[in-house]
Ligand code: FES
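Numbering (our numbering), first residue to last: 7 to 154.
See the structure below:
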């Protein structure tokens, strides 16, 4: 299997078996966003302990790229700090512009989304979960209130 085929497999696996799907009871972060280009939606929830995202889960409807990206995101940020999450938000955004801010090792499964940079119409799909997380964290840090 070539690299492209392997990437397809990873994306499809996350799409068909999304990690960390489902609601969180009494979430500290609870946010809905949609992709303005297609109307597809993500509902992202998280539990916080100080700076740490102790649990991160999502539900949503969307294309394989948006769901796979959300699934991968929950895997890499769950149990980590805001700072770690922002590093990934920046890294994934850069990747969608063809830049390399993070090593393949750091990216893990996210590396499979690199090819999306060649399809500008799909970049918003891959970034939906990440921009939603960024908005939630920024709102949380600036307001200290529950994001709804
Ligand atoms: Fe809607 Fe990808 S086509 S999120």
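Backbone N, C-alpha and C define an ideal beta-carbon position, used for all residues, glycine too.
So, are the CB atoms of residue i and residue j less than 7 Å apart?
i: residue 120; j: residue 101; result: yes
i: residue 76; j: residue 94; result: no
i: residue 83; j: residue 132; result: no
i: residue 49; j: residue 66; result: yes
i: residue 74; j: residue 17; result: yes
i: residue 81; j: residue 25; result: yes
i: residue 138; j: residue 37; result: yes
i: residue 4; j: residue 123; result: Because the chain in this structure spans residues 7 to 154, residue 4 falls outside the shown range and cannot be described.
i: residue 68; j: residue 46; result: yes
i: residue 35; j: residue 61; result: no
i: residue 78; j: residue 115; result: yes
From which residue to which residue does the beta strand (DSSP E) around residue i run?
i: residue 94; result: Premise fails: residue 94 lies in the alpha helix (DSSP H), 88-102, not in any beta strand (DSSP E).
i: residue 52; result: 47-55
i: residue 35; result: 35-40
Terminal residues of the continuous alpha helix (DSSP H) containing residue i?
i: residue 12; result: 9-22
i: residue 73; result: 70-83
i: residue 112; result: 110-113
Quick one: what's residue i bridged to in DSSP?
i: residue 1; result: Here the chain comprises residues numbered 7 to 154, so residue 1 is not present and cannot be evaluated.
i: residue 25; result: Answer is none; residue 25 lacks a bridge partner.
i: residue 67; result: 47
List the whole-angstrom C-beta distance separating residue i from residue j, where the pair is believed to meet the contact cut-off of C-beta under 8 Å.
i: residue 134; j: residue 39; result: 7 Å
Is the beta carbon of residue i within less than 6 Å of some heavy atom of the ligand FES?
i: residue 66; result: no
i: residue 40; result: no
i: residue 72; result: yes
i: residue 46; result: yes
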